[in-house]
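Chains L and U are the protein sequences, given in the same order.
Using this note's numbering, the first residue of the first sequence is number 76, and each one after it goes up by one.
Using this note's numbering, the first residue of the second sequence is number 6, and each one after it goes up by one.
Below: one structure, written as structure tokens.
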Amino acid sequence: DAGVTQSPTHLIKTRGQHVTLRCSPISGHKSVSWYQQVLGQGPQFIFQYYEKEERGRGNFPDQFSGHQFPNYSSELNVNALLLGDSALYLCASSFLAGGNYGYTFGSGTRLTVV
Amino acid sequence: TQLLEQSPQFLSIQEGENLTVYCNSSSVFSSLQWYRQEPGEGPVLLVTVVTGGEVKKLKRLTFQFGDARKDSSLHITAAQPGDTGLYLCAGLKGNAGNMLTFGGGTRLMVKP
Numbered sequence: 076d077a078g079v080t081q082s083p084t085h086l087i088k089t090r091g092q093h094v095t096l097r098c099s100p101i102s103g104h105k106s107v108s109w110y111q112q113v114l115g116q117g118p119q120f121i122f123q124y125y126e127k128e129e130r131g132r133g134n135f136p137d138q139f140s141g142h143q144f145p146n147y148s149s150e151l152n153v154n155a156l157l158l159g160d161s162a163l164y165l166c167a168s169s170f171l172a173g174g175n176y177g178y179t180f181g182s183g184t185r186l187t188v189v
Numbered sequence: 006t007q008l009l010e011q012s013p014q015f016l017s018i019q020e021g022e023n024l025t026v027y028c029n030s031s032s033v034f035s036s037l038q039w040y041r042q043e044p045g046e047g048p049v050l051l052v053t054v055v056t057g058g059e060v061k062k063l064k065r066l067t068f069q070f071g072d073a074r075k076d077s078s079l080h081i082t083a084a085q086p087g088d089t090g091l092y093l094c095a096g097l098k099g100n101a102g103n104m105l106t107f108g109g110g111t112r113l114m115v116k117p
């Protein structure tokens, strides 16, 4: 059974550009959460989608937006990229919205903004 | 400022040694999770602790949740090179039970 898949694995963008990252959760999982992990730090929660609705948002500006499709896959969009947006973007999948049973993470998309 | 403080940040030990990693907060969490992350990969869940004072063992790894549910520890016995990685603690709060708050991580290197 496939785990959480993210694409692309690596990406280089220029300041001011827009980027779309994609995530497919484990089959049967309805929740997708997105995290940003800056080098040398722990991941930070961006937002969660459950049953195609945003169910929570961390301390990130509106520059970061997302979407969940009917098949529960998800996109993370970042507009007007800044150098500080360079990070590993992780997608986490779970069956329920609540995380008490833990999350399964993908391998991430490494975004470099130059 | 990290809501969850992990210590130490870095640890380099010889194979066979024991070690303890600490995860501390001034906040109460409904549950706490430990993950291990290897370079180029996402975090992998090791354990979830829910009850204050709870102790869970996973082979050579022992996890403890503080009585007040504000802190946790991970103890590894007889460390092996395969234990090398970034260890992350992450807490869930009752009023935001879908948002994991991560600590800064402890980078462990076990030398053969």
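Note that CB positions come from ideal geometry on N, CA and C, so glycine has one too.
Remember, predicted model here, so these are calculated numbers, not experimental data.
Close partners of Arg90 (chain L) in chain U (Cβ separation under 7 Å) are lacking, with about 25 Å as the shortest Cβ gap. Taken in chain order, the whole beta strand (DSSP E) runs of length 3 or more contained in the segment 91-172 of chain L are 94-99, 106-112, 119-125, 128-132, 139-143, 149-153, 162-169.
Secondary structure note for Ser78 (chain U): its beta strand (DSSP E) is the uninterrupted segment 76-81. In chain order, Val94, Leu156, Leu186, Thr187, Val188, Val189 place their CB closer than 8 Å to the CB of Lys88 (chain L), counting only its own chain and leaving out the 5 sequence neighbours on each side. A residue is called buried when at least 16 other Cβ atoms come within 10 angstroms of its Cβ; Gly103 (chain L) does not meet this threshold and is exposed. Between Ser36 (chain U) and Asn175 (chain L), the C-beta spacing is below 8 Å.
Annotated three-state conformation of Gly90 (chain U) is strand, per DSSP. By the 16-neighbour rule on beta-carbons within 10 angstroms, Val33 (chain U) is exposed. Taking Gly87 (chain U) as reference, the option from U:Val115, U:Asn23, U:Leu9 with the minimal CA-CA separation is U:Val115. Here Val153 (chain L) is not near Phe144 (chain L), since their CB atoms are 8 Å or more apart. Of all C-beta pairs linking the segment 43-53 of chain U to the segment 176-185 of chain L, three or more are shorter than 8 Å, placing the two stretches in contact. By the CB criterion at 8 Å, Leu93 (chain U) and Gly71 (chain U) fall outside the cutoff. Residue pairing of Gln81 (chain L) in beta bridges, as defined by DSSP: L:Cys98. For Lys64 (chain U), there is no enclosing beta strand (DSSP E), as DSSP gives it neither H nor E. If you draw a straight line from the Cα of Gly159 (chain L) to the Cα of Phe120 (chain L), it is about 16 Å long.
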